[in-house]
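Following: one structure in structure tokens, then a few remarks.
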């Protein structure tokens, strides 16, 4: 009988997953770092820490291909292809594992048959608890598709993100190491290949170190029965380590590109080794590491999302797979367990909102256990083995809506509404990084959209490199504030070197920070309309400083989704005629009706509601423009029709209007 061979099967995995990813691909810009990474790829710039040189190089080369669609769509497609390649490799991983375990099962069957024959029990019908080649291939295909449609893995394929490449590299490392454990005669070659893949991983995202404990421990397990002195094993490991460290050499590209002053030059790493190390070590993010309050929150999140990776019913097979692996391939159990545990321990201590992708390595290990559990079940129920395709079908159905970003227009629409309601030559100060700031910079610097607008990200002013970036982008805005910049930079340099110890210095840096932003406002007030977004006064995560001294001499007049600064509070007629939310509402309602919103989708929706109700509605109520207030609340209700509080506000406004 002719079976589907594994080469054809792996290509099918790539093609099927890529088709689904294209169907669910984001058409344009997305939340958080998407716009920044896209800008970096197009301009061959330097990305946010830790720099991701390999991703940047590959992304830039990809951006040079003249596709018949937008650059941002082509870059989102780049991520889809990377994750599809990861699925291709995952198929080979699970195929090799199942094939190895199946061979062990066949040897066990043969041994049992010999025992039975020796004991004169040959009249009993022998059960063959193993799979044939075709059954192995189809089982591996089903598990690989289950991986492809796991919620977090799939998400990385719908828009440009560095984790699409990292998942691919994780799988390459796992594949080559498992091959080294199976093919003993080629063990050293595969281990060297593993080290090369680690080098690639280090050149992309430093979380590759999470697999190193698993590799070292498992290496000693697979070589314990080999007559090699311990000293030689350690020397070989050191050789592999040296090969892997070559991955760091690619970070030199960041210095070279930074010195050329590209449009996107995060970190300014060409300013010296100190700034280079500050950037690639991710030092600015270390304040989010090992904070006690993050552990419980991230653990809760992990428990919430694990079932969606294995189609819920896969949880039972995950447990069975763990048990089966302990009994039948202990080295593999230790290897996968270490990957899962070290990834979870690291990620749980990282205090960020978009933590899901940091668990990707753990999900790879969990899904491999799940695949082993499925194999360990179907080999006893071979007549029902086609049921294995129930798992990817369930994953596809359960996770489709949550990952269908083909309908996601929230970020570009929010950006356009905010910017198109800003007057010519506007200067905008905001801290809404997650919602629109990187998207606007991409639209402005790459697509030429509203080149007249100056956008300053308030929180990035707390970094020395960003002050240079602002001078490069908006020199006329920064020039009048050179003195304030110089004073602030002295404190900021101390802060980045961890030398800001005294109370006077802490007070000084905050005061000079506020003075610099106020200088941007005051010195440009007569030249440009100045806008802020209300979030610049929001509390930080610890309920700390609200920066209330910023623009505290000005009245805040709602205009679109921002607040225009004025010196007088009189004669400002508010209009919402240019706030066209139709596409934004359509996009949001798609997710709301399916129950598949997340903190970013809800956050950007709440930002719009705040502008309509708390800014426009309240201002109009207190300035005798009740009809506009009611219209603004009606617009808010059309966005969030189930919000009873909004209907109550509308009722009170209408009651107030009728009483006049």
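Numbering (the working numbering), first residue to last: 34 to 693.
All C-beta atoms, glycine included, are put in the ideal place defined by N, C-alpha and C.
Given residue i as reference, the closest of the options once Cα atoms are compared
i           : options            : result
residue 231 : 245, 221, 219      : 245
residue 437 : 54, 544, 36, 41    : 54
residue 89  : 98, 102, 75        : 75
residue 382 : 330, 539, 354      : 330
residue 167 : 345, 135, 182      : 135
residue 549 : 602, 493, 604, 533 : 493
residue 214 : 120, 250, 502      : 250
residue 345 : 61, 212, 129, 426  : 426
residue 66  : 394, 586, 466      : 466
residue 178 : 652, 649, 342      : 342
residue 691 : 105, 657, 677      : 657
residue 630 : 531, 513, 433      : 433
residue 445 : 480, 413, 419      : 480
residue 498 : 559, 415, 60, 291  : 291
residue 440 : 621, 408, 464, 94  : 621
residue 468 : 48, 68, 188, 38    : 68
residue 77  : 227, 334, 288      : 288
residue 600 : 61, 559, 43, 442   : 559
residue 456 : 635, 216, 561, 614 : 561
residue 569 : 557, 556, 583      : 583
residue 531 : 327, 271, 210, 317 : 317
With 16 other Cβ atoms within 10 Å as the buried cut-off, status of residue i
i           : result
residue 87  : buried
residue 375 : buried
residue 694 : Nothing in the structure corresponds to residue 694, since the chain is present only between 34 and 693.
residue 40  : exposed
residue 190 : buried
residue 675 : exposed
residue 84  : buried
residue 508 : exposed
residue 293 : exposed
residue 681 : exposed
residue 638 : buried
residue 176 : buried
residue 552 : buried
residue 172 : buried
residue 221 : exposed
residue 156 : Bear in mind that a pLDDT of 49 at residue 156, under 50, signals an unreliable position, so the number given afterwards is only what the model happens to contain. Exposed: under 16 other Cβ atoms inside 10 Å.
residue 545 : buried
residue 628 : exposed
residue 502 : buried
residue 685 : exposed
residue 443 : buried
Cutoff 6 angstroms; reference residue i; Cβ partners in own chain excluding five residues on either side
i           : result
residue 34  : Unreliable positioning characterises residue 34 in this predicted model, as indicated by a pLDDT of 47, which lies under 50. The coordinate reading is nonetheless provided below. Closer than 6 angstroms at Cβ, skipping near neighbours: no residue.
residue 694 : This structure does not reach residue 694, given that the chain is present from 34 up to 693, and the question cannot be answered.
residue 563 : 460, 554, 598
residue 212 : 223
residue 428 : 179, 182, 344
residue 648 : 591
residue 487 : 460, 507, 510
residue 490 : 470
residue 517 : 548, 549, 552
residue 485 : 457, 458
residue 42  : 170, 174
Bridge partner(s) assigned by DSSP for residue i
i           : result
residue 298 : 79
residue 490 : 463
residue 590 : 597
residue 565 : 462, 596
Cβ shell of residue i (< 8 angstroms), same chain only, five flanking positions each side left out
i           : result
residue 594 : 447, 450, 451, 454, 566, 612, 640, 641, 644
residue 679 : 642, 646, 666, 669, 670, 673
Cβ neighbours of residue i in the same chain (closer than 7 angstroms, five flanking residues each side left out)
i           : result
residue 235 : 241, 277, 280, 281
residue 687 : 663
residue 528 : 542
residue 538 : 524, 527
residue 233 : 87, 202, 280
residue 348 : 340
residue 618 : 671, 672
residue 396 : 183, 185, 186, 342
residue 422 : 175
8 angstroms contact criterion, which residue i and residue j should meet: CB distance rounded
i           : j           : result
residue 314 : residue 196 : Actually they are not in contact, since the Cβ atoms of residue 314 and residue 196 sit about 19 angstroms apart, beyond 8 angstroms.
residue 109 : residue 58  : 5 angstroms
residue 38  : residue 122 : Between residue 122 and residue 38 the Cβ distance is about 17 angstroms, and since that is not below 8 angstroms, they are no contact.
residue 297 : residue 72  : 5 angstroms
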